[in-house]
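According to the working numbering, the sequence shown holds residues 43 to 261 in order. These notes concern the structure reproduced below.
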Amino acid sequence: MPITTLKEARQAAKALSERGPIAAFAAGCGIPGCFARLRLALSGMRRESLATSAALNMADGPDDPYMERGKQEMAEITSSISDLLSWTEQQLCQVEECDCRADRLLRQLLQDAQVPEQTGYSASLGRNNCVIAGHYEPEPDEHTAYVIIEHRNNIEHAVRIHHGWRARLVTAAGVTTLYASPGYPQTPVSVFREDTRACVRAVVGALHHADATSAAQSS
């Protein structure tokens, strides 16, 4: 049954772990400032439970009541972990305390808009410094359009140290600044969600316009 309340989530966590982030969440009070560590711990536990279930189901031999009981118990554990993980995925962190990757929301919004995305690596900087939205081509032709969404730090930075986005549209005609966060590169973290949504709206609109223009020129 899906978890819908904080109380239900803590009760589920108590049954899953005696230590680590899951146990800390179970024993805590109030709403956590960030759910990143809890999500990671639950994701790891889910992988382990799925692997154990797969191993149990691979057993080749006569029916064993103890084995069947083990399979049932693992299925119940996996279901409980999945329910709690689903609940945490829906929770909003306090941006000033959030250790979640800042590009998590950016990528999710791009995926929701059905825009392809990938991480961009800068050889000169030696780090992943951007998300590339659209169909990336190293040597763009007249039909190519994609957007480079940059951050001044590593693209995997935490929300709490986020200082805004800069999006640039790349076409065969050149590079155009499409969006810059208010005050970039020192955008207040308090506007993170609103700012990220505004950035994605600009990106999606520009790519749709570029696609429509390319289609008109081809017809």
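Where a beta carbon is used, it is the ideal one built from N, C-alpha and C, also for glycine.
Worksheet entry | Range covered by the beta strand (DSSP E) that runs through L148 | No beta strand (DSSP E) contains L148, which is instead part of the alpha helix (DSSP H) from D145 to D154.
Practice prompt. Given a cut-off of 8 Å, decide if V189 and A200 are closer than it, judged by their beta-carbon atoms.
Written response: no
Practice prompt. Apply the 10 Å Cβ neighbour rule to A187 and answer buried if 16 or more other Cβ atoms are within range, or exposed otherwise.
Written response: buried
Discussion item. For S91, count the other beta carbons within 10 Å of its own beta carbon; 16 or more makes it buried, fewer makes it exposed. Which is it?
Written reply: buried
Worksheet item: Terminal residues of the continuous alpha helix (DSSP H) containing Q53?
Response: L48 to K56
Item to complete: Following the continuous beta strand (DSSP E) through Q160, name the residue where it begins and the one where it ends.
Response: E159 to S164
Practice prompt. Take P227 and list the residues in its own chain whose beta-carbon comes closer than 7 Å to its own, dropping the five residues that flank it on each side.
Written response: R194, H205 and G206
Discussion item. Here's the rule I'm using: 16 or more other beta-carbon atoms within 10 Å means buried, otherwise exposed. How should L58 be labelled?
Written reply: buried
Fill in: Residue burial classification, A54 (beta-carbon count within 10 angstroms, cutoff 16)
buried
Discussion item. Quick test of the definition: if touching needs 3 or more C-beta pairs under 8 Å, does the region 133 to 145 touch the region 58 to 72?
Written reply: no
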